Structure formats: C-alpha cells, structure tokens
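Data block below; observations after.
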Amino acid sequence: MQLRRQLVGWAFLLPLLAYLLLSYAYPLLTNLDLSLRDNTIRTFVHGGAPFVGFANYAAVFADPAFGTAVLHTVVFTLVSLVFQYAAGLALAVFFTRSFPLSATLRALFLVPWLLPLIVSASTWAWMLNSEAGVVNAVLAAFGVDKVDWLTSPNWSLVSVTVANIWIGIPFNLVVLHSGLRNIPAEVYEASALDGANGWQTFWRITFPMLRPVSGITLLLGLVYTLKVFDIIWIMTRGGPSGASTTLAVKSYELGFGNMLPRFGPSAAVGNVLILVAMVAGICYVRVQRHQEEA
Amino acid sequence: MRRRRLLRTATGVLLTALMLFPVYWMVNVSLTPPGKMRKSPPDFFPTTPTFDGYVRVFNEQLPYFLTSLLVASGTVVLTLALAAPAAYSLAKLRPRGRRPLWFVLLVAQMIPGIIMALGFYGIYVSLGITNSVSGLILADSTIAVPFAVLILSSFMASVPDELVQAARIDGAGAVRVFWSIVLPVSRNGIVTAALFAFLWAWSDFVFAATLDSGGSLKPLTLGIYRYIGNNNQEWNAIMATAVVASVPAAVLLVLAQRFVAAGITAGAVKD
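These protein sequence lines map, in sequence, to chains S and Z. Just so you know, the numbering used here puts 75 at position 75 of the first sequence, and the rest follows in order with no gaps. Just so you know, the numbering used here puts 347 at position 53 of the second sequence, and the rest follows in order with no gaps.
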C-alpha cells in the first residue's frame, strides 16, 4: 500500500521530470557543449565542430570588453536594485495608510510590470530620443541643454537603468506591501504607546521586522535584473560601442547580433551568468529556510 | 481627519500619474500624425488624433497578433498539463525523494532566458524545427512551468487533507481525487498560473527573436521589433502596435487584479 502510494506519487511527477530533462537539461547541456567547441555556422548546422576545451572561456576572459560588461552588469544591477527597493518600500508604506482609491491606485502601479518588455523599452526609447523625445523637451523648458540619452556613451547605461527601475518598482511595491501587512498591528500600537513618532517607528520597528521579506525581494530582484536583455537590446543594442552592454546582452550579441555568429564565446558568457544565477538560487533557498525556522 | 485622507488620495493620484506617464505617452504618440512626430516640443495631448497607426497595425500586424495568441494559448495548455499533476503530487501525494525537485524548480526559474534560447537554438537547428509555433510554445513554457508548479502546489497544499481522505474512503483513486476534488478546489491557483503563463508567452521577445526570426509565423513582439528596425522609424505605427500588445496586460489587470497580486507575491512572502 505504502509502496503503491509512492509509485502513484512519482507517476504524477513523471511528465514534469521528462519535461525538465527535455527542455531544461538538454538545452543547458547543448549550451555547455557549444561553449567547449569551436563552431562556425557550417558546423553549427551539420555538426562536427572541433573540441577546444576551455579556449572559448579563455578568449572571453581575455577580451577587455568582457571586463567592461561585468562592470556594467554590476552597476546596472546594484543601482537598479537600490532604487527599485527604496521607491517600492516608500510606496508600500504610503499605500498601507487607508484613503479613498488606495486599492485602485495600487493596482494601477502594476501596469509597468505587466507590459511586455518590448513595449516598455520602445516607449522609453522614444521618450528619450535626442531630438523629439519628451524628456529632453521637458528639460529644455527648465533650460537644460539637449542630452543624448541613448547615443552618448556617458548616458546610455543610465538610461537603460532608469527604464529598468521603472519596470521593477511594481514588483517591489507589491511584495513589500504584503510583507508590511503581515506585521501585526499590536506592534505598532505598542510603539505608539511608547511615544515613538512615525520616523522612529519605521526605522526601529517596520524596517527590522520587514528584513526577511526585504531579503527575498532583493534576491528575486537580483535574479530578474541579471536576466535583463530585452530592455537594453531594444533601447541601445548595448551601445554606443558597448557602453551599455551587460553580460546577458554580450551573450546575445556574440551569438545572434552579428552576421558572423560566435556561438562558442556566446555560450561561454551565458554559462558564467548561470553560475551567478545558481549562487543566487542557493542564497534564496537558504534565506527561505531561515525564514521558515524563524 | 477627512482632509488628511483626501490629501493622501491627491498624493496617490499624483504619484500614479507620474508612474504611468510613459504609458500615457505611448497612447499619445500612437495617435500623433507622422507629420507632427518630430515636432519640438512635442504635443502633450493628441489635439489632432489620427488612427492611421492603428489602421496599419490592423493591415500589417494581424497575422503576428494571431500567432501571439496561438503561442500564448498553447503555452498555457502545455504549462497547466505539466504543472497541475506535478503540483498535486508534491502537495498531496508527497512521495519520498521529492525535496531536490523544489530546489531544481527554484533554480530553473533563475536561469536567464538568453541562455536557454541559445541551447534551444542549437537543438532546433540540428532538428530543423526553427520557426515553428510548437517549438516556440515549448521554449516559452520554460518561463512558466517552474513557477506554475510552485504556485499550484502552494494552492493545493491548502486543500484540507480530510477532504482528500474522505474521498479515498469512498473509493476514489488518486486520479479521481486529483480531477474531481483537488483541481476544482484550487481553481484560483490554476487561474493565476494560467494568467502568468499567458502573459509571459505573449510578452516573450528573447525566444521569438532567436528561434522564430525567419519564419512566416512571427509573434507580435517581433512585429514591433521589425518596425523599430526599419530605417524610417515610424513611431506612430510602433506605438500603436505597442498599445495593441498591451491589451492583454490591461485586461488581466481589470479582470484578475487579485490573482495578479497573488502571483507576484507567491514564493516571496510566506503568509
């Protein structure tokens, strides 16, 4: 009976397991294989690419553009996370107050997160257009000179980061808001009785009690941000001359961005990203377990 | 007190307006005649609205639109067919040795799409199945399946064990319990999983750009991308397509707001 139950349980899992092998393990192994071979378009289609070990990795690491891409990834990710989290938290606190339309407005805040990335990215691209963009028009009204948001190497990374922050705020708002609502009201009452003002209550009570949720939010934000490719590719194509290229963009650019694809190095860059994602995954599991024990 | 509440509402409306300005701008530009597109400063309101952009969308992008609909629906079906039985097993049958699967599903969600895309591309090229709708559905489902299993199993875990036990005593087998009890009771979870699977497949650009860029059946995201790639970028048509591509998101928000919020917080917050 017990054995039968086990077997039935695994029978229900079987389709998923087969699927995971077919559409996760197989592509990832293909990717690994690509990264260890010297592929041309010909060998890519017909097979028979020579095995070159870690030569693709060595080539990628030796390329100064790789270091730049790593730096851009770190800056893009950190700045995005800090601003998304800060804005999301401020808005979450704001929306815990009761006022007319509160729920409706909070729902509207979800819109940027739900839109297809290509829609958001192309909208931002046009808003930030040097000549006809609305952002420069508004700045001009305040006497600021024209800024080449997308075509100047000084600004392109800033521009894609701003667009990414805009997309990430709703996620932070929703998760932190639900975290805030799980803090028992008695805690606030006690704090009010002790004569704490709003600012003190926030920093001494709310913020520390929200720590587990904050941790998960930032970790998930990290994973999403590392993945970001669509926004940057559509707004700047990683340019000008690599000024807004992150690792995900680099991987796509090497594999699909040119007439002459370099699948080996593209896969190698991708596998570096997977390693980072794996580490984040392990952190996530640990934080969650910690939270369950607490 | 009343005044303070109203002041908060005013602040809230202002913040929301600021946040949604890009969305407004997309609609505004989609209605702006091409002749006034490069005007500086731009018109903040569509004073002389034109629907030419939408006419072009209808004439040129309709096949793309239908492909997106097909791919997204297919992804929903595939995702639910795989995720629901697995979630039932994880939540209710709980076979031994299932724990590593949780970890696999969590990590699977974190793998960047671009890497999966390259792997799929390698496989599809050697099998000669690039530019196929079914290939795109399979690839798109990888975004949704791990999430769907996790969220469905958390919904199914809250189905009372007594209910399952009672059915078993009445002689119902595991399949019967799954189909007639657990599935109907966890309807909300299924709706949430389906909504997100649809939205992600509908929004997908990475897989479409890599696996489906040469065929005749392209999704709407590639339709927008093709417009952007044109040398004479016609932003009126681009933004009109973008507005059309945003419709499912808007519909979801109006019809299923609480499911959307539930989906976003799932996995992040333990209630």
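Every residue gets a Cβ at the ideal spot worked out from N, C-alpha and C, and that includes glycine. Computed from a predicted structure; not experimentally measured.
- The beta carbon of S/ASN31 sits closer than 7 angstroms to some beta carbon of chain Z.
- Under the DSSP assignment, S/ARG42 falls in the alpha helix (DSSP H) whose first and last residues are 41 to 46.
- DSSP, read as helix, strand or coil, puts S/ARG37 in strand.
- Z/ASP464 counts as exposed, since fewer than 16 other C-beta atoms from the protein chains shown sit within 10 angstroms of its C-beta.
- For S/GLN6, the nearest CB of chain Z lies under 7 angstroms from its own CB, placing it at the interface with that chain.
- In this structure, Z/PRO440 keeps its C-beta atom at 7 angstroms or more from the C-beta atom of S/ALA137.
- Against chain S, a Cβ distance below 8 angstroms from Z/SER428 picks out nothing, because the smallest value is about 12 angstroms.
- For S/PHE54, the secondary structure class from DSSP, reduced to helix, strand or coil, is coil.
- Contact between Z/VAL458 and Z/ILE475 holds, with the beta-carbon distance rounding to 7 angstroms and staying under 8 angstroms.
- Under the three-state reduction of DSSP output, Z/GLY467 falls in the coil class, being neither helix nor strand.
- Z/TYR318 sits exposed, since fewer than 16 C-beta atoms from the chains shown fall within 10 Å of its C-beta.
- DSSP, read as helix, strand or coil, puts S/MET259 in coil.
- Against chain S, a Cβ distance below 8 angstroms from Z/ARG388 picks out GLY9.
- The three-state secondary structure of Z/VAL453, taken from DSSP, is coil.
- Contacts with chain Z at 7 angstroms (Cβ-Cβ) do not include S/PHE83.
- Of all residues in the stretch 535 to 549 of chain Z, only ALA536, ALA539, SER540, ALA543, LEU546, LEU547 place a beta-carbon less than 7 angstroms from a beta-carbon of chain S.
- Taken in chain order, the complete alpha helix (DSSP H) segments of 4 or more residues contained in the stretch 484 to 523 of chain Z are 500 to 505, 514 to 523.
- Counting along the chain, no alpha helix (DSSP H) covers S/TRP149, and no H or E run does either.
- Among the residues of chain S, those whose CB is under 8 angstroms from the CB of Z/PHE397 are GLY281, VAL285, following chain order.
- By the Cβ rule, the stretch 491 to 507 of chain Z does not count as touching the stretch 40 to 47 of chain S, because fewer than three pairs are nearer than 8 angstroms.
- Taking a beta-carbon distance threshold of 7 angstroms, Z/TRP529 counts as an interface residue toward chain S.
- One alpha carbon belongs to S/TYR19, the other to Z/THR373, and they sit about 10 angstroms apart.
- Of the residues assessed, Z/GLU456 falls on the exposed side of the cut-off, its CB having fewer than 16 other CB atoms within 10 angstroms.
- Remark: C-beta atoms of S/LEU13 and Z/ALA438 do not approach each other more closely than 7 angstroms.
- Excluding the 5 residues flanking it on each side, S/VAL162 has same chain C-beta neighbours closer than 8 angstroms at TRP124, in chain order.
- Counting along the chain, the unbroken alpha helix (DSSP H) around S/TYR19 starts and ends at 2 to 20.
- Collapsing the DSSP output to three states places Z/ALA460 in a helix.
- Three or more pairs of CB atoms, one per stretch, sit closer than 8 angstroms, so the stretch 165 to 183 of chain S contacts the stretch 98 to 117 of chain S.
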